[in-house]
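Q: Protein chains in written order, with our numbering: chain A, 727 to 849; chain B, 727 to 849.
Provided herewith is a single structure, encoded as structure tokens, for subsequent inquiry.
Protein chains: 2
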Amino acid sequence: MKETENNAGNPVYNLGARTFDCPIELTSTAINGKWKLLIIYRLSLQQQIRFGQLKKEVKGVSEKMLIQHLKEMEKDGLVERKVYPVVPPKVEYYLTEAGRSFIPVLDMMRNWGLTFTAVEPKT
Amino acid sequence: MKETENNAGNPVYNLGARTFDCPIELTSTAINGKWKLLIIYRLSLQQQIRFGQLKKEVKGVSEKMLIQHLKEMEKDGLVERKVYPVVPPKVEYYLTEAGRSFIPVLDMMRNWGLTFTAVEPKT
DNA sequence: TTTGTTACTTACTAAAAGGTTGGTACTTGT
DNA sequence: ACAAGTACCAACCTTTTAGTAAGTAACAAA
Numbered sequence: 727m728k729e730t731e732n733n734a735g736n737p738v739y740n741l742g743a744r745t746f747d748c749p750i751e752l753t754s755t756a757i758n759g760k761w762k763l764l765i766i767y768r769l770s771l772q773q774q775i776r777f778g779q780l781k782k783e784v785k786g787v788s789e790k791m792l793i794q795h796l797k798e799m800e801k802d803g804l805v806e807r808k809v810y811p812v813v814p815p816k817v818e819y820y821l822t823e824a825g826r827s828f829i830p831v832l833d834m835m836r837n838w839g840l841t842f843t844a845v846e847p848k849t
Numbered sequence: 727m728k729e730t731e732n733n734a735g736n737p738v739y740n741l742g743a744r745t746f747d748c749p750i751e752l753t754s755t756a757i758n759g760k761w762k763l764l765i766i767y768r769l770s771l772q773q774q775i776r777f778g779q780l781k782k783e784v785k786g787v788s789e790k791m792l793i794q795h796l797k798e799m800e801k802d803g804l805v806e807r808k809v810y811p812v813v814p815p816k817v818e819y820y821l822t823e824a825g826r827s828f829i830p831v832l833d834m835m836r837n838w839g840l841t842f843t844a845v846e847p848k849t
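Quick look at the structure:
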């Protein structure tokens, strides 16, 4: 059972443990989640960031979803988690190489959004 | 009530009837939907396409979701719909200028996905 | 008159996503 | 003894999203 092709002989794409037939579906899945793009954006602006700080910066996110999304992105190999053996707990998150490779894509997505800036109506 | 800023005096971004404070959220919302990126991708490959043909090309999509997504993208100003007054019905869809402006972004997303191509394990 | 074609619509259901609340662990400072 | 601080977890509930199945309109061809 070849792992570089699907049954039709087409190449496949792997993100973490998941396999896709289509690169767009991979990307789509990777960023699927209400807060993921914002999380990546925040992570892209600094080397590493503590969980509590990230929660403050991603405005409106619940703890549950922040953790859930971070875990998924960890599994996908986009984010890493560093635990400091201290009390109270200290955990830092940062983008992996693969995660950082998404930054230019995110920038384009952001720039596209910027083109929809509201303008003053003519009086 | 100014429509180019939010209450904090920051600029806002408009997609169709919706307003966002953050360009990433706008983009996120615009492409939110299981099939939207694939639909845009298909539309990007040809000038216009009939509904039935689009359904064939976006493999796995149900009629309901295809229609729903197309309608949303129409409201968002990314897609246009052309109805021919014939029987049986003939409807063609195509990207608007704003829709086409997303193509480079989609290309980057696709290229990012391509970097996850599975490779032969070393034997 | 019945059938076929195409682009839908509607109703119903199942599944997934996300929010809220209330925990826990562990150590330090009081 | 206990309160504080931080990063979680688990249970529960609501909302959203998506899938299925059935039906409709309009005309043309058989």
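Glycine residues also receive a C-beta, built at the ideal position from the N, C-alpha and C atoms.
Run down chain A in chain order and give the residues with a C-beta less than 8 Å from the C-beta of Arg-836 (chain B).
A: Neighbours of Arg-836 (chain B) on chain A, chain order: Pro-749, Ile-750 and Thr-753.
Q: Nearest by alpha-carbon distance to Thr-822 (chain B): which of B:Leu-832, B:Asn-733 and B:Gln-774 is it?
A: Among B:Leu-832, B:Asn-733 and B:Gln-774, the Cα nearest to that of Thr-822 (chain B) is on B:Gln-774.
Q: With which residues is Leu-741 (chain B) paired in a DSSP beta bridge?
A: The partner list for Leu-741 (chain B) (beta bridge, DSSP) reads B:Arg-744.
Q: Going along the chain, which unbroken runs of the beta strand (DSSP E) with 3 or more residues stay wholly within the region 744 to 772 of chain B?
A: Whole beta strand (DSSP E) segments, 3+ residues: 744 to 746.
Q: Terminal residues of the continuous alpha helix (DSSP H) containing Lys-797 (chain B)?
A: That run of the alpha helix (DSSP H) goes 789 to 801.
Q: Taking the Cβ atom as the reference point for each residue, do Tyr-820 (chain B) and Glu-806 (chain B) lie within a distance shorter than 8 Å?
A: Going by C-beta atoms, Tyr-820 (chain B) is nearer than 8 Å to Glu-806 (chain B).
Q: Counting only beta-carbon atoms, is Val-784 (chain B) nearer than 8 Å to chain A?
A: No, no contact with chain A.
Q: Under a three-way DSSP split, which group does Leu-840 (chain B) fall into?
A: Looking at Leu-840 (chain B) - three-state DSSP - the assignment turns out to be helix.
Q: Establish whether the CB of Asn-736 (chain A) and some CB of chain B are separated by less than 8 Å.
A: Closer than 8 Å: no.
Q: I want to know whether the region 774 to 787 of chain B touches the region 783 to 793 of chain A - three or more CB-CB distances under 8 Å.
A: Verdict: no, contact absent.
Q: Rounded to a whole number of angstroms, what is the C-alpha to C-alpha distance between Gly-888 (chain B) and Cys-748 (chain B)?
A: Residue 888 (chain B) lies beyond the residue range present for chain B, which begins at 727 and ends at 849; the question has no answer from this structure.
Q: Quickly, what does DSSP pair Lys-816 (chain B) with across the bridge? List them, please.
A: Per DSSP, B:Tyr-810.
Q: Distance check for Lys-816 (chain B) and Tyr-767 (chain A), CA to CA, integer angstroms please.
A: For Tyr-767 (chain A) and Lys-816 (chain B), the distance between alpha carbons rounds to 43 Å.
Q: Using a threshold of 8 Å, state whether the C-beta atoms of Met-791 (chain B) and Met-834 (chain A) are closer than that.
A: Cβ distance not < 8 Å, so Met-791 (chain B) and Met-834 (chain A) don't count as in contact.
Q: By a C-beta neighbour count over all protein chains shown, 10 Å radius and 16 as the cutoff for buried, is Tyr-810 (chain A) buried or exposed?
A: Exposed: under 16 other Cβ atoms inside 10 Å.
Q: Given Leu-804 (chain B), which residues of its chain have a CB within under 8 Å of its CB, disregarding the five upstream and five downstream residues?
A: Closer than 8 Å at the Cβ level, and outside the excluded window around Leu-804 (chain B), lie Ala-756, Ile-766, Leu-821, Thr-822, Ala-824, Gly-825 and Phe-828.
Q: Please return the same chain residues whose Cβ sits closer than 7 Å to the Cβ of Asp-802 (chain B), not counting the five positions on each side in sequence.
A: Excluding sequence neighbours, Asp-802 (chain B) sits near Leu-741, Gly-742 and Ala-756.
Q: Report the neighbours of Pro-830 (chain B) on chain A: residues whose CB is nearer than 9 Å to its CB, in chain order.
A: By Cβ distance, chain A contributes Met-834 and Trp-838.
Q: At the level of alpha carbons, what is the spacing between Gln-772 (chain B) and Trp-761 (chain A)?
A: So the two alpha carbons sit approximately 32 Å from each other.
Q: For Pro-830 (chain B) and Glu-846 (chain A), what's the separation of their Cα atoms in angstroms?
A: Straight-line Cα distance between these residues: approximately 28 Å.
Q: Tell me Val-784 (chain A)'s beta-bridge partners as DSSP assigns them.
A: In DSSP, Val-784 (chain A) forms no bridge with anything.
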